[in-house]
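So the sequence lines, in the order shown, correspond to chains H and W.
Residue 268 in the working numbering sits at position 251 of the first sequence; the count goes up by one each step and never skips.
Residue 343 in the working numbering sits at position 326 of the second sequence; the count goes up by one each step and never skips.
Protein chains: 2
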Amino acid sequence: MIKKKQKYTVSAPGSLMLFGEHAVLHGKPALVSAIDKRITVELLTRDDDEINLHSTLSGTQSLQLQDIAPDLWRSLPKWHFVLASITFYQKHLPSGFDLKVTADYDAPIGLGSSAAVTVATLAALTLWLDKKGLMQQSLLRHTVQVIREVQGIASGADAAASVYGGVIAYHMPTLKVTKLANTYPLTVIYSGQKIATQSVLEHVSTLQQRHDQVFAHLYAAIAACTHEAKQAWQISDWQAVGELMNIHQGLHDALGVNTQKLVDLIFALRSDPKIFGAKISGAGMGDCVIGLGKADIKELIETISAKNSQAQLIPVQISSQGVAVIEN
Amino acid sequence: MIKKKQKYTVSAPGSLMLFGEHAVLHGKPALVSAIDKRITVELLTRDDDEINLHSTLSGTQSLQLQDIAPDLWRSLPKWHFVLASITFYQKHLPSGFDLKVTADYDAPIGLGSSAAVTVATLAALTLWLDKKGLMQQSLLRHTVQVIREVQGIASGADAAASVYGGVIAYHMPTLKVTKLANTYPLTVIYSGQKIATQSVLEHVSTLQQRHDQVFAHLYAAIAACTHEAKQAWQISDWQAVGELMNIHQGLHDALGVNTQKLVDLIFALRSDPKIFGAKISGAGMGDCVIGLGKADIKELIETISAKNSQAQLIPVQISSQGVAVIEN
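Okay, here's the thing in structure tokens:
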């Protein structure tokens, strides 16, 4: 019997942290947004045991079905999340397959690409192997499990935005997701500084161990900020959201993850009258800063390029679309 | 009968806020240091009713004993604190006097000059009029009363350091002062930005009214920072004190009182390996930043002058001497 080749195409959005970074790992709420940059995974089943991986981010890799084993992902750093996702379904794989990953954007800039590729890969595999179809909450649970296997510590906030789309409130201990209505333009700048989230978390953890009482207060303050921002977001009080972003930025700074480059970009954003507030997005010490509002791009580019030749404006916006099945 | 002229000379140190700014106004603790820049007040009694004021900061002013009345200080801005101090003793003044104020430093740079001149003026008047002599705690109480009459809101933390000298922990509601042992070099830079403390407080108050829950957490975090810093200071754990200064700086930023100029100076200080930590000193939005440790001055001047031509290093250090009677 010749089996018909099956094709599953799924895309998942990248994401931007808006509120609650670091504190989310201590059980506090976070606000995260899906963005209009997506990662698409195309899974084509094969009649043999070959697994061919191709990615616009990581190149090409071939292996055999029998190679799939726990910890295989450790030996192929560029394929961490894809391989850990495949391993998640190891016992259920009936044959090999071709898997093609296409990203709308460059991974080094961050924007939750690891979570997005994990969501899309797991979703494609789920469509193939688990005929019950995609359930958002179990997809999120599996994604967080896979990301934690690779990264150790991970909040899953980015994965939650990739799965659900739009702006969401997220609570790590329960994986609870609340979708928020409303959207607003963002201005996003990549700092030119790339740093692994894990090393930022280690840096924060070291400081926290020396000042645990103070850090408990910082996380409580971030939680209060996030809670207020959620309420303000839902009533479109953008001035309040912007002010809370500015406050949150100070708390990021207090956690020890601010840099001269990031702060220069943040003050540049704040100098634009259309920007309500600005902060680091994500763990800090590099990656992106975000401003709430649509800045005067020409003027902003002049301001930032005078201080940081590596900084670049990233044309991304909030997107309501979460993980999406394109072909099934 | 010809009365012998009496002369009373008192000096009081300026001060630098180390920890607890803003939160101190909400009943949280502060750490403040007296510095080795002082204001000296020389009071020479007269046989007539003339009051002649002379100050290296404010020039010259003459008035009559009968001119002294509540609110007189309002009409002579340059003499606010001196006149409010004299009015404090209005009913007890038996004659006129010459009063000469000499400052070791330029008042615009801040450094608690208003509190120091009030402490020294009240102390000189007390020596003359209240034969019981100087009691530190009542001098502090009177000073805070006079400063509040002029300024409205005032923590009195700077006055407490001027009275007691050295590094002190201060609690506004009770005016309680605890002297801390130990000292360490500071590096102090004036930002070139001058802003009245009152307008900074108004700015913070406006933001606080819109985000009172978040601000309660910020003040609690500042209090935790100050509490830990007090303990670290007493065991000479300068690394911990420096880290807590960095954390406090983030909280200053969260309160909305940071500026690009201040943050540039702070990152310049932190780039020096001998600096354990750096932060705004005082209300913020201008005035001074402090680093814990003795920076490489030559290199620091090069770094900061490239970014801010108005910034200047202020050669001040912690001083253990509080208010002091020089001539009685």
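In this text, a Cβ means the ideal position worked out from N, Cα and C, and glycines have one as well.
Please list the terminal residues of the continuous beta strand (DSSP E) segment that includes residue i.
i	result
residue 53 of chain W	46-62
residue 70 of chain H	67-72
residue 80 of chain H	76-81
residue 34 of chain H	24-36
residue 116 of chain H	114-120
residue 184 of chain H	184-188
residue 214 of chain W	It is not in any beta strand (DSSP E) - residue 214 of chain W instead sits in the alpha helix (DSSP H) that spans 214-227.
Check the Cβ of residue i against every Cβ in chain H and list those closer than 7 Å, keeping chain order.
i	result
residue 235 of chain W	238
residue 224 of chain W	260
Contact criterion: CB-CB distance below 7 Å. Does residue i meet it with respect to chain H?
i	result
residue 105 of chain W	no
residue 270 of chain W	yes
residue 231 of chain W	yes
residue 280 of chain W	yes
residue 264 of chain W	yes
residue 344 of chain W	no
Who are the neighbours of residue i on chain W, taking C-beta pairs under 7 Å?
i	result
residue 284 of chain H	277
Which residue marks the beginning of the alpha helix (DSSP H) containing residue i, and which one marks its end?
i	result
residue 164 of chain W	153-168
residue 327 of chain H	That residue, residue 327 of chain H, is in no alpha helix (DSSP H); it is neither H nor E in DSSP.
residue 132 of chain W	130-146
residue 99 of chain H	97-105
residue 180 of chain H	174-181
residue 150 of chain H	Run containing residue 150 of chain H: none; DSSP gives neither H nor E here.
residue 91 of chain H	Per DSSP, residue 91 of chain H belongs to no alpha helix (DSSP H) and is neither H nor E.
residue 285 of chain H	277-287
residue 264 of chain H	255-271
What does DSSP give as the partner residue(s) for residue i in the beta ladder?
i	result
residue 306 of chain W	W:206 and W:297
residue 344 of chain W	W:26
residue 13 of chain H	Past the boundaries of the shown model lies residue 13 of chain H; chain H is included only from 18 to 345, so the question cannot be answered.
residue 335 of chain W	W:52
Would you please verify whether the beta carbon of residue i is less than 7 Å from any beta carbon of chain W?
i	result
residue 252 of chain H	no
residue 219 of chain H	no
residue 267 of chain H	yes
residue 274 of chain H	no
residue 295 of chain H	no
residue 241 of chain H	yes
residue 212 of chain H	no
residue 318 of chain H	no
residue 38 of chain H	no
residue 59 of chain H	no
residue 166 of chain H	no
Could you name the residues of chain H that residue i contacts, counting a contact when the two beta carbons are closer than 8 Å?
i	result
residue 227 of chain W	257 and 260
Taking residue i as the query, report the chain W residues whose CB atoms sit under 8 Å from its CB, ordered along the chain.
i	result
residue 387 of chain H	With chain H covering 18 to 345 only, the question about residue 387 of chain H has no answer from this structure.
(request) Report yes or no: do the segment 241-253 of chain H and the segment 192-199 of chain H share at least 3 C-beta pairs separated by less than 8 Å? (result) yes
(request) Could you say if the segment 165-179 of chain W and the segment 209-229 of chain W meet the contact criterion of at least three C-beta pairs nearer than 8 Å? (result) yes
(message) Does the contact criterion of 3 or more C-beta pairs under 8 Å hold for the segment 255-270 of chain H versus the segment 220-239 of chain W?
(response) yes
(request) Could you tell me whether the segment 289-302 of chain W touches the segment 278-295 of chain H, where touching means 3 or more Cβ pairs closer than 8 Å? (result) no
(request) Flag this pair as touching only if the segment 47-59 of chain H and the segment 178-193 of chain H have three or more C-beta atom pairs under 8 Å; answer yes or no. (result) yes
(request) Kindly confirm or deny that the segment 336-344 of chain H and the segment 98-106 of chain W touch, where touching means at least three C-beta pairs closer than 8 Å. (result) no
(message) Does the structure place the segment 266-280 of chain W close enough to the segment 265-281 of chain H that three or more beta carbon pairs sit under 8 Å?
(response) yes
(message) Using 8 Å as the cut-off, can you tell me whether the segment 109-118 of chain W makes contact with the segment 61-72 of chain W, which would need three or more C-beta pairs spanning the two stretches below that distance?
(response) yes
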